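Residue numbers (my numbering): 11 to 82.
Glycine included, each C-beta is placed from N, C-alpha and C at the ideal position.
Just so it is clear, the structure is predicted and the values come from calculations on it, not from any experiment.
The structure appears below as structure tokens.
See the structure below:
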């Protein structure tokens, strides 16, 4: 039985609620990063959630074609 595709907007909202920043200062200090960087990265992730969680079409994905080098 095929699974029902989940609504992208619902997935995005659920993930936004689940992605909580806790102990940011402690974690970032451990890696030698600033707390401000964590929030910047977090916001970039939030902006891309719809793209990341978009329902993919089943099947194998075509690999991008590489440009051939010009003959010399």
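Which listed residue (the options) has its alpha carbon closest to that of residue i
i	options	result
residue 38	51, 70, 60, 58	51
residue 18	77, 72, 65	65
residue 48	26, 32, 25	32
residue 56	14, 15, 20, 25	25
Continuous alpha helix (DSSP H) stretch holding residue i: start and end
i	result
residue 57	45-62
residue 39	34-41
residue 20	18-28
Min CB distance residue i to chain B below 8 Å
i	result
residue 61	Annotation note: the requested chain B is absent from the structure, which comprises a single protein chain.
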